[in-house]
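Let me begin by presenting the structure, written as C-alpha cells, before commenting on it.
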Amino acid sequence: MGMVIYYSLHDSFFGGNYIWVGLDWFKQLFSSSEFILSLTRSFLFSFFALLIQIPMGVLIAKKIPKSGLLANSIIILIVIPLLIPKIVIGHIWSFLTIPQIGLIDFFANLITLPLDLNTNIIQVWFIILLMDTWHWTSLVVLLCYAGLKAIPSQYYQAANIDGASPLSIFTKIELPKLKKVLLIAILLRFMDSFIIYTETYVLTRGGPYLSTTFLSHDLVQTATIQFDLGEGGAMAVVYSMIVILTSFVFYKVISIKE
Amino acid sequence: MNSDKNKFPLTPIVYTFLILIPIYWMTTISFKTNKELGSGISLFPKEPTLANYSIIINDSAWYLGYLNAAFYVLINVALCLTIALPAAYAFSRYRFYGKEFLFFSFLTFRMMAPAIMLVPMVEIFSYLGLIDNYLSVALAHCYFNLPIAIWILEGFISGIPKDMDNQAKVDGYSYFQYFRKILIPQIAPGIGVTAFFCFLFSWTEVLLANALTVIDAKPINAIMTRVASVFVSNITILSAAGVLTIIPGLFFVIFIRRYIVKGFSLGRID
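Chains as they are written, first to last, in our numbering: chain D, 1 to 258; chain L, 1001 to 1270.
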C-alpha cells in the first residue's frame, strides 16, 4: 500500500509535468536570470560548505580518542545539532545574531565590526555558512571517526617501527582507508546543503537583496506563492535531475567492494 | 593514533564546546523574562523563570503542537518499520530482476528535497481529502523515510549470515515465525536505529508538515513558524519551545549511540 502511494506520487509528478508543460518552461527557465542566479548560489553554498566542513571533520575525528568515557561523551554531545528541528536551528541562529540579544552580535560589536544582516551580504553568507558548519560538521566527524576506528592498530605499529611521519601516516594509511567514508560524507553533505531550505529561510528570508535565495526557496516561492506551477515544475525537474545524478555517483561509490 | 593515546584531546573538546554554545544560548534565553532580554547581554538569567515553559504547558495551541507532531511521527515510524523490514529482507537475500536499479532509485528519494515534492503532495492529499490529517503528513514523510529505513535495515540484515535462514527453514519455522523469533531479535539495534532516523526526519521536517496541515493537526514546528512571524517579541517562548523539541531526540540518541554512525551512513559503514 505504501509502495503504491510512493510510486503514484512520483509518477503523477513527473508524468503530469511532461504532459502539461512541454519544453517551453525549460526554455524560459534557463533564460531567466533569477533561476540561474539561485542555482549558482546553491552550488556556491554547497561548495563553501564542503570546503570548510570536510577538512574540519577529518581533523576533529582524528583527535577524538578511540574509546573511553570522554570519547563517548564527546560523540553524544556533538550529535545534538543533528537532532534539532531545522526551524529551531534557524531560530537559534537568529537568537545569536539579533541586535542587543545575540551573542554573536555582542562579540561583533566588541571587535567594532557591527553585524548588519539586513544589508551586508558578506556577513550574511558568513553567518549562514557558520550555521551550516555548526549544524552538519558533526556528521562528517562521526563518519570519519567510524572509518578511523576500523583501521587495525597493527598498521600504526608498523608505521611507528618504520619511523613514518604523522603526515605520511595520514596520507599513506588513513586517507586510503577513509576514502569510501569520505566520499559518502562529501555526497551526503553536498545533497543536504544543496537542498537547504528551512534554516536559511528562518534566518534571512532569502535576503538581503536575494543574496541567500537558494534554489529551494526560489522553487517554493514560484510554486506556492506565485502559483506558477509550470515554471515551478520545470524547476523541480531540473532540481531532481541534479539530485538523481548525484545519487547515482553516490550509489556507484558505495557499491564499490573493498 | 596510538601515539597520542595519552594526549589530551584538545581539538575535539574545543569543538564540542563550540557546538554547545548556541544551544546553551537558546536554553538560557528560555529561562529569561522578556524584560531581562531587552536589558542587555548576560550569560546567565538573573532571575531564572519557568514562566515560558508554563505558558507552553498550559496553552493548548502550544502543547497540542507537540502532541500532533508526536502522533504523525509515531504513525510514520510504525508504517516505515512494517513496510521496510520485509522489503529490506528481500533486498538483502534475493536476487531479482531490476534489484540494483530499484535499490538505487530508493536512494534518490532520500536525496530529494521536500521543496520539490511540495506541490504534487499537497495536490494528491487534497484530492484524497487527507489535508489536515495526521495520516497525510505521516504518509508524506514515508516518501523520504521508507528508503532510508530500507537502506539502513538492509545493511543490518546483510550482517546476519544466510545460514541462519536455512537453519530456521530446516527447523520448520515459517517466514513469519522466523522474522518474529530469530531475525527481529538479532537486528534489534538496527530496528532501533531505523526508528530513530525515521523519527529524526519526521520530527525535524517543517515545509511539508506545515503545508499539509491547517489547524487540527498543526505540528509544533509549524506553530513556531506562525508565532515567529506574528509576534516578534516572543523570543523567550520560542526558545523554550525550541529547547523542548531537542529533548526527545537526545534521549533517543543515548540509547542507540553505539550504532548511530551506521544509521547516518545509511547502513553502509560498520
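Cβ coordinates follow ideal geometry from the N, Cα and C atoms, glycine included.
Alpha-carbon to alpha-carbon, residue j and residue i
i, j, result
"Pro1012 of chain L", "Leu139 of chain D", "14 Å"
"Ala71 of chain D", "Glu174 of chain D", "19 Å"
"Val978 of chain L", "Met56 of chain D", "Limits of chain L in this structure are 1001 at one end and 1270 at the other, which puts residue 978 of chain L out of reach."
"Val21 of chain D", "Phe30 of chain D", "Bear in mind that a pLDDT of 44 at Val21 of chain D, under 50, signals an unreliable position, so the number given afterwards is only what the model happens to contain. Using only the alpha carbons, I get a separation of about 15 Å."
"Ala236 of chain D", "Phe1008 of chain L", "49 Å"
"Gly2 of chain D", "Leu1128 of chain L", "Bear in mind that the predicted position of Gly2 of chain D carries a pLDDT of just 39, short of 50, making it unreliable; the figure below should be weighed with that in mind. Rounded to whole angstroms, Gly2 of chain D to Leu1128 of chain L spans 15 Å at the Cα level."
"Val88 of chain D", "Ile1256 of chain L", "23 Å"
"Leu1018 of chain L", "Val238 of chain D", "37 Å"
"Ser12 of chain D", "Pro1120 of chain L", "Any answer about Ser12 of chain D is weak, because its pLDDT of 42 lies below 50 and its placement is not dependable; what the coordinates show is given next. The alpha-carbon atoms of Ser12 of chain D and Pro1120 of chain L are separated by roughly 8 Å."
"Ile52 of chain D", "Ala108 of chain D", "21 Å"
"Pro1185 of chain L", "Ala1087 of chain L", "17 Å"
"Lys1032 of chain L", "Ser1060 of chain L", "22 Å"
"Ile101 of chain D", "Ile1041 of chain L", "6 Å"
"Thr1204 of chain L", "Ile1083 of chain L", "22 Å"
"Met1164 of chain L", "Ile1157 of chain L", "11 Å"
"Tyr1178 of chain L", "Gln1167 of chain L", "10 Å"
"Phe45 of chain D", "Thr212 of chain D", "9 Å"
"Thr97 of chain D", "Thr1016 of chain L", "21 Å"
"Leu1135 of chain L", "Ile169 of chain D", "53 Å"
"Ser33 of chain D", "Phe43 of chain D", "15 Å"
"Thr171 of chain D", "Cys144 of chain D", "14 Å"
Chain L residues whose Cβ lies nearer than 9 Å to that of residue i
i, result
"Val243 of chain D", "Thr1108, Met1111, Met1112, Ala1113, Ile1116"
"Trp93 of chain D", "Pro1022"
"Leu110 of chain D", "Residues of chain L passing the Cβ test: none, with the nearest at roughly 10 Å."
"Ser240 of chain D", "Thr1108, Met1112, Ala1113, Ile1116"
Proximal residues of chain D, C-beta to C-beta of residue i below 9 Å
i, result
"Pro1009 of chain L", "Lys63, Ile64, Pro65, Leu70, Ala71, Ile74"
"Leu1135 of chain L", "Neighbours of Leu1135 of chain L on chain D: none; closest Cβ ~11 Å, over 9 Å."
Selection from the options that minimises the alpha carbon distance to residue i
i, options, result
"Leu1107 of chain L", "D:Ser193, D:Ile151, D:His217, D:Ile184", "D:Ile184"
"Asp192 of chain D", "D:Thr137, D:Lys66, D:Ile92, D:Tyr156", "D:Thr137"
"Ile1131 of chain L", "L:Ile1235, L:Thr1213, L:Val1206, L:Thr1236", "L:Thr1213"
"Ser1105 of chain L", "D:Pro81, D:Ser67, D:Phe248", "D:Phe248"
"Ile1287 of chain L", "D:Ser240, D:Leu37, D:Pro81, D:Thr171", "In this structure chain L extends from 1001 to 1270, so residue 1287 of chain L is not present and cannot be described."
"Met241 of chain D", "L:Leu1079, L:Ile1075, L:Met1112", "L:Met1112"
"Phe1201 of chain L", "L:Asn1210, L:Cys1142, L:Ala1211, L:Ala1051", "L:Cys1142"
"Leu187 of chain D", "D:Ile76, D:Ile36, D:Ile254, D:Lys63", "D:Ile254"
"Ile92 of chain D", "D:Ala234, D:Glu199, D:Arg41, D:Leu245", "D:Glu199"
"Ala49 of chain D", "D:Ile76, D:Cys144, D:Ile127", "D:Ile127"
"Leu130 of chain D", "D:Ile111, D:Ser94, D:Cys144", "D:Ser94"
"Pro999 of chain L", "L:Tyr1173, L:Ile1029, L:Asn1058", "Because chain L here runs from 1001 to 1270, residue 999 of chain L falls outside it and cannot be looked at."
"Leu219 of chain D", "L:Pro1114, L:Ile1191, L:Gly1249", "L:Pro1114"
Residue i: contacting residues in chain D (beta-carbon distance under 8 Å)
i, result
"Leu1208 of chain L", "What Leu1208 of chain L touches in chain D: nothing, since even the nearest Cβ is about 11 Å away."
"Tyr1053 of chain L", "Under the 8 Å cutoff, chain D gives no residues; its nearest Cβ is about 15 Å from Tyr1053 of chain L."
"Phe1104 of chain L", "Ser247, Phe248, Tyr251"
"Val1261 of chain L", "Leu142, Leu143, Tyr145, Ala146"
Any non-hydrogen atom of the ligand MG within 7 Å of residue i CB
i, result
"Pro1114 of chain L", "The model on display carries no ligand, and the ligand MG is accordingly not part of it."
Partners in chain L for residue i, counting only beta-carbon separations shorter than 8 Å
i, result
"Trp134 of chain D", "Leu1018, Ile1019, Pro1022"
"Leu59 of chain D", "Thr1011"
"Phe106 of chain D", "Ile1041"
"Val124 of chain D", "Chain L residues near Val124 of chain D: none, gap ~17 Å exceeds 8 Å."
Chain L residues whose Cβ lies nearer than 7 Å to that of residue i
i, result
"Thr40 of chain D", "Going along chain L, no residue has its Cβ under 7 Å from Thr40 of chain D, so there is no contact; the nearest lies around 17 Å."
Contact set between residue i and chain D, taken where Cβ atoms lie within less than 7 Å
i, result
"Phe1264 of chain L", "Leu139, Leu142, Leu143"
> Of all the residues that make up the stretch 1060 to 1073 of chain L, which are near chain D by a beta-carbon distance shorter than 8 Å?
Replying inline: Identification of residues in the stretch 1060 to 1073 of chain L having a C-beta nearer than 8 Å to some C-beta of chain D yields an empty set.
>> I'd like to know if the stretch 50 to 64 of chain D and the stretch 141 to 155 of chain D are in contact, where contact means that at least 3 CB-CB pairs between them fall below 8 Å.
In response: Of all C-beta pairs linking the stretch 50 to 64 of chain D to the stretch 141 to 155 of chain D, three or more are shorter than 8 Å, placing the two stretches in contact.
> If contact means a Cβ-Cβ distance below 8 Å, which residues of the stretch 1187 to 1201 of chain L contact chain D?
Replying inline: Correct list: Leu1200.
> Are at least three pairs of beta-carbons, each pair with one atom in the stretch 194 to 206 of chain D and one in the stretch 160 to 172 of chain D, less than 8 Å apart?
Replying inline: No, the stretch 194 to 206 of chain D does not touch the stretch 160 to 172 of chain D.
> Taking a cut of 9 Å between CB atoms, which residues from the stretch 1229 to 1256 of chain L lie near chain D?
Replying inline: Of all residues in the stretch 1229 to 1256 of chain L, Ile1235, Leu1238, Ser1239, Ala1241, Gly1242, Val1243, Thr1245, Ile1246, Pro1248, Gly1249, Leu1250, Phe1252, Val1253, Ile1254 have a Cβ within less than 9 Å of some Cβ in chain D.
> Can at least three beta-carbon pairs, one atom from the stretch 1066 to 1085 of chain L and one from the stretch 164 to 179 of chain D, be found at a separation below 8 Å?
Replying inline: Verdict: no, contact absent.
>> Tell me whether the stretch 1235 to 1244 of chain L and the stretch 1044 to 1055 of chain L touch, counting them as touching only if at least three CB pairs, one residue from each stretch, are closer than 8 Å.
In response: The stretch 1235 to 1244 of chain L makes contact with the stretch 1044 to 1055 of chain L; the number of CB pairs closer than 8 Å reaches 3 or more.
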